[in-house]
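One structure below.
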Amino acid sequence: MSVPIPNAADPERLEAFVRDDYERCHPDDTFDDLRRRARFAKEDKGLLADWMALAETRARDEAASQPLRPAA
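Residue numbers for the sequence shown, in the working numbering: 51 to 122.
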């Protein structure tokens, strides 16, 4: 059974899982700059897709580690 991605429709929430790591790995760049360049450069589009895939994995891992809450 797969764990759904929480708030997958909220890209800012997903980006929060990787923004700091991206900027640490690319000290002369920002995640926002990557997002802007991804609209025009296929290399940056692929790089952004890779980082967002990691963000989705981290979001799933976080959701899976949360205890289940009983329905009200």
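For every residue, glycine included, the Cβ atom is placed at its ideal position computed from N, Cα and C.
A quick note: this is a predicted structure, and the numbers were derived from the prediction, not measured.
* Asked: To the nearest angstrom, how far is it from the Cα of T80 to the Cα of R110?
  -> 24 Å
* Please confirm whether D94 and A103 have their CB atoms less than 8 Å apart. => By the CB criterion at 8 Å, D94 and A103 fall outside the cutoff.
* Thinking A105 and E65 are a contact (beta carbons under 8 Å), I'd like their distance in whole angstroms, please. => 6 Å
* Run through DSSP, which three-state label would T107 get? -> helix
* Asked: What separation, rounded to the nearest whole angstrom, lies between the Cα atoms of P61 and P77?
  -> Taking the straight line joining both Cα atoms gives about 22 Å.
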